[in-house]
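Chains as they are written, first to last, in this note's numbering: chain A, 29 to 359; chain B, 246 to 441; chain C, 259 to 685. Virtual Cβ for every residue (Gly too), placed ideally from N, Cα, C.
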Amino acid sequence: MDSTQKLKFYQKGTLTVGNRLVDEASRNVQASRQRSNSLTCGHRACQGCGEALGARYAIDAAMRAAGNQLIAVNATGCLEVFTTPYPETSWQMPWMHSLFGNAAAVASGVAAAMRVTGKHGTRVVAQGGDGGTTDIGFGCLSGMFERNDDVLYICYDNEGYMNTGVQRSSATPPAARTATTPAIGAQPGNVFGTGKFVPKIAVAHDIPYVATASVADLHDLEAKVTRAMSFHGARYIQINVPCPLGWGAASHDTIRLARLAIETGLFPIFEAEYGRVTHVRKIRKPKPVSEYLKLQRRYAHLFRDGVEDPRVARIQGIADRHIEEYGLLES
Amino acid sequence: MIQVRIHGRGGQGVVTAAEMLSVAAFLEGRHAQAFPSFGSERTGAPVVAFCRIGDREIRLREPVQNPDILIVQDATLFKALDVLEGLSKDGFLLVNTARGFSDIHLDAVVARIPAGHAQAVPATELALAHISRPAPNTALLGAFTALTDIVTLDSVIAAIHRTFPGKLGEANERAARAAHDLVSSHIAAGKDTADA
Amino acid sequence: MLEQIEGSKAMARVIALCRPQVICAYPITPQTHIVEGLGDLVREGALQNCEFINVESEFAALSVAIGSSAAGARSYTATASQGLLFMAEAVYNAAGLGLPIVMTLGNRAIGAPINIWNDHSDAMALRESGWFQLFAETNQEAADLHVIAFRLAEELSVPVMVCVDGFVLTHAMERVDIPTQQQVDAYLPPYEPVQVLDPADPISIGAMVGPDAFTEVRYLQYYKQQTAFDLIEDLAAEFSESFGRASGGLLRDYHCGDAELAVVAMGSVNGTIKDVIDELRAEGMSIGLVTLVTFRPFPTRALQQVLAGAKHVLVIDRSLDPGMGGPLASNVDLALRNLLSPPAIHSAIAGLGGRPITKASLHRLFMQAMEKPWEGPNFVDLNEKVVGRELHRRARARRSGPAAENVLKILETERAAAFQARIETAE
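Laid out in structure tokens, this is it:
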């Protein structure tokens, strides 16, 4: 296949795209035997963990872009806990965990140390879950952004505090049941009209690069990490990573859910450079949100006794607004 | 050990005055300690600063409660707080005012300390004339060297130049010299105020 | 070279001579002049090869330092009071990770009620964080302790806090001997980390440790502190040899040898205490002083040695644990309890929230300790009348209002009346 041709994959019956369909140069980092395998096997993630998958692809892509000269700083959370049960570690790279809320600041410090010690080729990545990023670590994240420190921050967004037992974060979507937004009472699940979408806030900092990505499209995820690594200064990527445990979904549905999050418009995929959106991943034919919601027990209260709760329509409204706002529909 | 207390308002250079005085003493090879009264300083608010000068290491850290010399950079403070508190009976009093001590109702206070120990100096006017800013601190330090022999005028001027380099330092030097000369002439004439 | 210089500026100059590579700056009174001074030195080019980072909070200040220290750069920050508490989580983290960060603490009270003035509440609040804590008596010592602190921190791979009384020292201008770059370089070798984030030799730092190993990791932290006493003394001796003056060490003894009453205190109040002791000794009183420089690790053995002969030990705390009393007194008590004939411990709480500790008050306090010793903490210069009125108000009404505002109101009324009376007598 001519590598200049724009690739589109509309296969049926499978949710992944095989590398065999593309020429060698376009194959992903994971397909290469030269991949750094920075997050190696043997860790303690749950079956079907979207975060483990996303981190593996993201970090290896960043490693390749940095010529393996990369240091990672991790916020407290699932990724930190399942990769480093003392005295073991899954990280085949220099890796550090300090606290829940300070990964961006610690990474700023590492980047400063690289500058001052003349190791200009060594790059820095910070990573955390949505709780560590959009809530408790938000002050440090915004500080790192506004100083334009040379750090790529990756947020693995699984829409809640999964490590502590599935509690609501500011990235938890409306109506989702969590341990702190139980599906009881007149307004079951998380309330509407709350929460925040940090990629938009990151764009508002006018930093060099902001993107959203998904484990449903690993080629795109790697391409975005690679693109991010081509910039110096503060960069941010938020990756949608389904959590089978927290979402109440089957382990084998992780990719299906991530893809539905994109195709319903609930999780818009876009890129922005220096404060302006530069690229949006289009949707060929939007899927109804109910298809996405029904696969997850955190939304089970919306479909009790076979009756669709009116709140499903409100969630559909959110998806429709995203489609309009970001121009997600393929013309 | 000599203890000096300086009262004024935020923006008048009260703390800087205490610091310059300590530098002047340091330049003469003496030990000196200057420190402010540590408020959230705001322009116009009452400010106090202290200076101790001695021939041995100064270990004492308490605020100056019984000053040997009291410098008042703003005469309106007499109505606001007990500026004179603790002034020793042999103490010196230096007040920034263009009026006489009787006009600002300080006759009784002046009478309590030895004759010749109180001087009123129009330091703000001198500062406006020489620095074009109502910062009376350097003029008062010049006056201080005429009223007492704790530090010399030369040392104060050297301290002024360390604090204000260049033209500003020269202007402040002129203010200090003018105040020094004025107070010297008062003392020679046995007067204690500009209009007395 | 001897200079007449503000304490904060002197510290900034000496910290710069220590060649810090990363400095994290966030303003909080009264430490601000230190980081401002360092910022000037970086901009002027006097301090080269240094990243001066303006961060968005104290939590970020120490977090950035954690990252830069772990990545091999000599790292410094400064804070005070609420700032130290805001970064508390990172304070413990830096100690647990064993990162040799040096931090100046411009000692200040902790609210509520909000108060910007000097006491030791901040340092005491985090005394169990695992940091070494050194207290400066003068601005000369405040400056010198930073040189010693970097050396100590890097030899042991521990963070060190240099505690400097806010305003009393940070804003005081006095004589300080600023060492030369050659002197500092000879004393303080370049930073060679024991652990470092390096792609050439990748390691993981900050793993989760369960019950199977947590005690051992903690014990090693304790071991490191408890075996540091000789090193602290050696570094002070070497400092004195290289720089020609005494700074640092575990503690200093002022006439304790024959003293019946020994006072124990930390920080700038020691100068005032020495003046009082000179006067009392001239009057024939058997009194001495222990100036505690190293508070963490707590020099139990050194204290036992110096206080073995005292009948009475008077501990001056500049902070208060409302549920217990003076933290320093508790520590001293524990250190001396098992001596064969332990001295009686008398606790005094003084100088809270910037209240001056005057010679007159100390004079009274020391006399009282000899003549009429007390039980429990003695609140020096407590305005009992005001306290009594407020207690009475509370007893009368359920909704008695906020204590701080009530006390201020009582004081202001009294002050105005006294001032008015004075003016009337004068006229």
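- Spanning the alpha carbons of residue 194 of chain A and residue 223 of chain A requires a straight line of approximately 16 angstroms.
- Below the 8 angstroms Cβ cutoff, chain C contributes 457 as neighbours of residue 150 of chain A, in chain order.
- The alpha carbon of residue 255 of chain B has as its nearest neighbour, out of B:319, B:267, B:265, the alpha carbon of B:319.
- Beta bridge pairing from DSSP links residue 606 of chain C with C:574, C:636.
- Judged by DSSP secondary structure, residue 308 of chain C falls outside any alpha helix (DSSP H); it is assigned neither H nor E.
- Put simply, the backbone Cα of residue 342 of chain A is about 52 angstroms away from that of residue 459 of chain C.
- Under the 10 Å beta carbon count, residue 350 of chain B is surrounded by fewer than 16 other beta carbons and is classified as exposed.
- Per DSSP, residue 295 of chain C is one residue of the alpha helix (DSSP H) stretching across 290-302.
- DSSP places residue 387 of chain B in the helix class (H, G or I) of the three-state scheme.
- With contacts defined by Cβ atoms closer than 7 angstroms, residue 362 of chain B and residue 391 of chain B do not form a contacting pair.
- Per DSSP, residue 556 of chain C has no beta-bridge partner at all.
- When C-alpha distances from residue 416 of chain B are compared across B:437, B:311, B:378, B:321, the shortest belongs to B:378.
- In terms of CA proximity to residue 537 of chain C, B:305 leads the group B:334, B:357, B:359, B:305.
- Excluding the 5 residues flanking it on each side, residue 496 of chain C has same chain C-beta neighbours closer than 8 angstroms at 445, in chain order.
- Not one beta carbon of chain A lies nearer than 7 angstroms to the beta carbon of residue 663 of chain C.
- Within the same chain, Cβ atoms closer than 7 angstroms to the Cβ of residue 611 of chain C are found at 367, 373, 375, 377, the five residues on either side in sequence being excluded.
- Residues of the same chain with a CB within less than 6 angstroms of the CB of residue 316 of chain C, apart from the 5 flanking positions on each side, are 284, 337, 341, 344, 345 in chain order.
- In the structure shown, residue 196 of chain A adopts coil according to DSSP, grouped into three states.
- DSSP places residue 623 of chain C in the uninterrupted alpha helix (DSSP H) bounded by 617-629.
- Any Cβ of chain C closer than 7 angstroms to the Cβ of residue 99 of chain A would place that residue at the interface, and such an atom is present.
- With respect to residue 391 of chain C, residue 419 of chain C sits close: the two C-beta atoms are nearer than 7 angstroms.
- Looking from the CA of residue 141 of chain A, the closest CA among C:402, C:323, C:549 belongs to C:323.
- Contact check between the stretch 259-267 of chain C and the stretch 427-439 of chain C: three or more CB pairs, one atom from each, fall below 8 angstroms, which counts as touching.
- Fewer than three Cβ pairs drawn from the stretch 477-491 of chain C and the stretch 151-167 of chain A lie within less than 8 angstroms of each other, which leaves the two stretches out of contact.
- The contact set of residue 280 of chain C on chain A, defined by CB atoms closer than 8 angstroms, consists of 137, 140, 141, 144 in chain order.
- For residue 460 of chain C, the closest Cβ of chain A is nearer than 7 angstroms.
- Sequence-ordered contacts of the stretch 614-629 of chain C with chain B read 614, 615, 616, 617 [C-beta pairs closer than 8 angstroms].
- A direct Cα-to-Cα measurement between residue 110 of chain A and residue 235 of chain A gives close to 31 angstroms.
- DSSP, reduced to helix, strand and coil, places residue 215 of chain A outside both helices and strands of the structure shown, so it counts as coil.
- Of A:201, A:199, A:94, A:191, the smallest CA-CA separation from residue 179 of chain A is found for A:94.
- Boundaries of the beta strand (DSSP E) harbouring residue 509 of chain C: 509-512, taken from the DSSP string.
- In the DSSP assignment, residue 341 of chain B falls within the unbroken beta strand (DSSP E) covering 337-341.
- Straight-line spacing of the CA atoms in residue 297 of chain A and residue 253 of chain A works out to 14 angstroms.
- The beta carbon of residue 347 of chain C falls within 7 angstroms of a beta carbon belonging to chain A, placing the residue at that interface.
- Under DSSP, residue 157 of chain A forms a beta bridge with A:184.
- Against chain A, the CB of residue 386 of chain C has no partner CB under 7 angstroms away; the residue lies outside that interface.
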